[in-house]
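Okay, structure first, notes after.
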Amino acid sequence: MSEQHFVHERTILFGECDPAGILYTPRICEYVVESALLFLTHILEQPFERYIFSQSMSLPARNLDVDFLKPLTWDDTIKLYASVSEVRRHAYTILITALNEKGETAFTGRLTQVCISTEKKCVTSIPSRLRDVLERLSA
Numbered sequence: 049m050s051e052q053h054f055v056h057e058r059t060i061l062f063g064e065c066d067p068a069g070i071l072y073t074p075r076i077c078e079y080v081v082e083s084a085l086l087f088l089t090h091i092l093e094q095p096f097e098r099y100i101f102s103q104s105m106s107l108p109a110r111n112l113d114v115d116f117l118k119p120l121t122w123d124d125t126i127k128l129y130a131s132v133s134e135v136r137r138h139a140y141t142i143l144i145t146a147l148n149e150k151g152e153t154a155f156t157g158r159l160t161q162v163c164i165s166t167e168k169k170c171v172t173s174i175p176s177r178l179r180d181v182l183e184r185l186s187a
């Protein structure tokens, strides 16, 4: 695994599919958010949610977009690759790419999260420790 990427596998469950057996598009959005959080936990070497709460912050999604390129069905196993796409003063973007069992891109997703102070209820800078790791991985 490259330092720039984090990879994890996931098997599509029957209940995540529509009556035709195709993965529901909203589930892809959940996969993107879940993969980004797992990636951030990995790069910080601690549970990401606990780290953010310890900083008195919240990270709502400023933007979430998905390109659904190949159908996925239950029992398909996908590999989800996460990497840092962009780092700004108050926000960052994580890119997720899902490959099917043939190695084809099944979907891509981009999640941009903005840092909000839970105390002041306003935008705030990315914490320095998180910024350092994100910038190192985006280079």
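If you read the sequence shown in our numbering, its first letter stands for residue 49, the second for the next number, and so on. All C-beta atoms, glycine included, are put in the ideal place defined by N, C-alpha and C.
Less than 8 angstroms between the CB atoms is what I'm expecting for residue i and residue j, so what's the real figure, rounded?
{"i": "Thr61", "j": "Val132", "result": "Per the sequence shown, residue 61 should be read as Leu rather than Thr. Incorrect: roughly 29 angstroms between the Cβ atoms, too far for contact."}
{"i": "Cys163", "j": "Ala139", "result": "7 angstroms"}
{"i": "Leu45", "j": "Phe96", "result": "In the structure as shown, the chain begins at 49 and stops at 187. Residue 45 is therefore absent and cannot be evaluated."}
Should residue i and residue j be called a contact, given that it needs their Cβ atoms to be closer than 9 angstroms?
{"i": "Val80", "j": "Val135", "result": "no"}
{"i": "Lys127", "j": "Phe155", "result": "no"}
{"i": "Cys65", "j": "Leu71", "result": "yes"}
{"i": "Ser165", "j": "Ser104", "result": "yes"}
{"i": "Thr121", "j": "Gly157", "result": "no"}
{"i": "Arg98", "j": "Thr160", "result": "no"}
{"i": "Thr153", "j": "Thr59", "result": "no"}
{"i": "Phe116", "j": "Ser83", "result": "no"}
{"i": "Leu88", "j": "Ile142", "result": "yes"}
{"i": "Leu178", "j": "Leu92", "result": "yes"}
Looking only at DSSP bridge pairs, what is residue i linked to?
{"i": "Val55", "result": "Tyr129"}
{"i": "Val162", "result": "Ala139"}
{"i": "Asp113", "result": "Arg158"}
{"i": "Ser106", "result": "Ile164"}
{"i": "Thr153", "result": "Leu147"}
{"i": "Thr121", "result": "Ile70"}
Considering just the uninterrupted stretch of the alpha helix (DSSP H) at residue i, what are its terminal residues?
{"i": "Phe62", "result": "No alpha helix (DSSP H) contains Phe62, which DSSP labels as neither H nor E."}
{"i": "Asp180", "result": "176-186"}
{"i": "Ile100", "result": "96-102"}
Residue range of the beta strand (DSSP E) that residue i falls in?
{"i": "Ala84", "result": "Here Ala84 belongs to no beta strand (DSSP E); instead the alpha helix (DSSP H) covers 73-92."}
Worksheet entry | Three-pair Cβ contact test at 8 angstroms for the region 143-155 versus the region 106-113 | no
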